[in-house]
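Chemist:
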Amino acid sequence: MTATNNCLEFAESLGLEPKTGGLFVGKLRGFPVGLKFIDPAGALLLLFEIRHWLKQDFPATKSITYEPEITQLLAEKKAEIEIEDQIAWLTIKEGSAAIQTGMVTRVLNSVLGTFLKAGFIGDSDLCHYCQKNKVESISVINGKVAQICPACLEEKEKGVQVAAGTAEAVPILLTAPFMAVVGALMWAFFWAAETLVFEKLNIDKVWIPGGIFIVLFVGIIVGGPIGWIIKLNRRRGHAVSVAAAILFGSLAVFVGEVFYLAWLIFHEFGVLSLSAAFRVMPAYYLHNDFMFIAFKLLTAFTAVAIAEYLARPKKAALKI
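Numbered according to the working numbering, the sequence shown spans residues 14 to 333.
Take a look at the structure:
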């Protein structure tokens, strides 16, 4: 019999059913339990996830007395128990031998019995969060076992959505403008340098491979700093991050273009004026080459897209 088959039979003997991600789920002595077999072909380790309804700082979790066999296994580091908010982790090492000798079943039953005596759970059919509503079946959320009613689940999902939308708005709005200025300077500097190079080489066109390089390069140096500073806010919300990246990325491009036109006026006439640059901007676009303007718009879009991509946080996880 292979190690994998042995694990499957053992999980089945406990009444645990297979779920996605190699997790086996069921209810033992009133506790929702998840089991994962880690490295079944090698030094097998069994990781039990036991759901309860106490907080980590509750007095009962601090004064647990296990049976002698469990105490000895913990002292010998052959097993480990870690108690968190509404969840306990039971790890059993040397899993293959422990399964064959029946030690796993004894240890699991003993630990669950100790948790029952300590008041880790009351009515085994109630939601572990509100402790009022009946729950018909065990859920698996983000790879974890949960006994939660629809009302509590909906409330938690709403909390995640609110956090994802608004978290860390103030730090983002305070720091992103500085990087928008940096992006604007990078935009103006690049196009000024490009203008000087084209004048010196007496060329007015860029081949497609070179154009792609310019688009990406300018996008990175303009949008990159904005996306990076937003990304530093690790608790940032999705909506605020995306909105700030688009806003300040666009602002960097617009202000950078004003800076560039101001330089262009100075380069041609020896007069430095931001207000003059702003006033001539519409005429500059209306009378310039269409392909050149389209190329600049593509570069601007790329800069904003890079800022948004870097700033966008990962999807907020539902904490169960």
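Positions of the beta carbon are idealized from the N, C-alpha and C atoms, including for glycine.
Straight-line CA distance for residue 295 to residue 313?
Modeler: When the Cα atoms are used, residue 295 and residue 313 turn out to be separated by approximately 17 Å.
Chemist: In terms of residue numbering, what span does the alpha helix (DSSP H) encompassing residue 324 cover?
Modeler: 303–324
Chemist: Would you say the stretch 133–144 touches the stretch 61–71, given that touching needs at least three Cβ pairs under 8 Å?
Modeler: yes
Chemist: Take the Cβ of residue 332 as the centre, count every other Cβ of all protein chains shown within 10 Å, and call the residue buried at 16 or more, exposed below.
Modeler: exposed
Chemist: What ranges does the alpha helix (DSSP H) occupy inside the stretch 220–306, keeping only unbroken runs of at least 4 residues that lie completely in it?
Modeler: 221–244, 251–282 and 287–299
Chemist: Could you pull out every unbroken beta strand (DSSP E) segment of at least 3 residues lying fully inside the stretch 20–46, listed in chain order?
Modeler: 36–41
Chemist: Taking the alpha-carbon positions, what's the residue 273 to residue 258 distance?
Modeler: 22 Å
Chemist: Comparing alpha-carbon positions, which option in 241, 83 and 185 lies nearest residue 319?
Modeler: 241
Chemist: Measuring straight from C-alpha to C-alpha, what distance separates residue 122 and residue 75?
Modeler: 20 Å
Chemist: Leaving out five residues before and five after residue 324 in sequence, what residues of the same chain have Cβ atoms less than 8 Å from its Cβ?
Modeler: 239, 240, 243, 244, 249, 254, 255, 257 and 258
Chemist: Check residue 205 in the structure and name its three-state DSSP category.
Modeler: helix
Chemist: For the beta strand (DSSP E) containing residue 133, name the first residue and the last one.
Modeler: No beta strand (DSSP E) holds residue 133; DSSP gives it neither H nor E.
Chemist: Considering only the beta carbon of each residue, do residue 315 and residue 228 sit closer than 7 Å?
Modeler: One thing to note: residue 315 has its Cβ within 7 Å of the Cβ of residue 228.
Chemist: If you reduce the DSSP assignment to three classes, tell me which class residue 152 lands in.
Modeler: strand
Chemist: Would you kindly check if the distance between the Cβ of residue 265 and the Cβ of residue 197 is under 7 Å?
Modeler: yes
Chemist: With DSSP run on the structure shown, which of helix, strand or coil describes residue 59?
Modeler: strand
Chemist: Hey, residue 262 and residue 236: beta-carbon distance below 7 Å or not?
Modeler: yes
Chemist: If residue 57 sits next to residue 137, beta carbons under 8 Å apart, how far is it from one beta carbon to the other, in whole angstroms?
Modeler: Actually they do not touch by this definition, with Cβ atoms about 29 Å apart.
Chemist: Based on the DSSP output, what are the partners of residue 64 in its beta bridges?
Modeler: 100
Chemist: Starting from residue 75, trace the alpha helix (DSSP H) both ways and give me its first and last residue.
Modeler: 72–75
Chemist: In the DSSP assignment, the alpha helix (DSSP H) including residue 82 goes from what residue to what residue?
Modeler: 81–88
Chemist: Is the beta carbon of residue 287 closer than 7 Å to that of residue 279?
Modeler: no
Chemist: I'd like to confirm the pairing. Which residues does DSSP put opposite residue 48 in its beta bridges?
Modeler: 37 and 61
Chemist: What is the DSSP secondary structure of residue 168, counted as helix, strand or coil?
Modeler: helix
Chemist: Counting only the same chain and skipping the five closest in sequence on each side, list residues whose C-beta sits under 6 Å from that of residue 165.
Modeler: 140, 142 and 143
Chemist: Report, in whole angstroms, the separation of the C-beta atoms of residue 107 and residue 90, which I expect to be a contact under 8 Å.
Modeler: Their Cβ separation, rounded to whole angstroms, is 11 Å, which puts residue 107 and residue 90 out of contact at 8 Å.
Chemist: In chain order, what residues of the same chain have a beta carbon less than 7 Å from the beta carbon of residue 96, not counting five sequence neighbours either side?
Modeler: 69 and 74
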